[in-house]
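According to numbering that gives the first Met the number 0, the sequence shown holds residues 0 to 104 in order.
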Amino acid sequence: MNLRRLFFLTFSFFLILWGFSGYSANNSAEIQKIDSEIQQLEDMKRGYEARALKHDDMATYLQFDTQAVLETRRHIQLAEENRNKAALVQQQIDRLKAKRAQLQP
């Protein structure tokens, strides 16, 4: 009788440990997924920022050409649009980082 009780207590203990390790592994998989999404979004943000700088440079180059006033304005507008897109991506990155912080022990 005593041996059976010891077996069930040990078995219960291992079930509890197995449950906690499964929960921890699930969290680490979720954290890795979030990290990869953050990396992709940061790459996307860098692309938008690079395009904004390219359009800024082009607008700076064209600003003294009286024949290219409309083209200069268009480059300024495109640079602003790319900066706005980068800001939206940064908000998504911030949300994912907050979610990752909640999942980490």
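The beta-carbon is built from N, C-alpha and C at its ideal position, and this holds for glycine as well.
Take the alpha-carbon of residue 54 and the one of residue 71: they are about 9 Å apart. Proximity to residue 36 across 62, 85, 92 and 103 peaks at 92, based on C-alpha coordinates.
The straight-line gap separating the alpha-carbon atoms of residue 88 and residue 44 is approximately 6 Å. Shown here, residue 31 sits in a helix according to DSSP, grouped into three states. For residue 93, the enclosing alpha helix (DSSP H) begins and ends at 68 to 102. Straight across, the Cα-Cα distance linking residue 56 with residue 40 is about 24 Å.
If you compare the alpha carbons of 52, 48 and 67 with that of residue 85, the shortest gap goes to 48.
Contact check for residue 81 and residue 50: beta-carbon distance about 5 Å, within the 8 Å limit, so the pair qualifies.
The distance from the Cβ of residue 30 to that of residue 103 is about 7 Å, consistent with a contact at the 8 Å cut-off. Shown here, residue 55 sits in a helix according to DSSP, grouped into three states.
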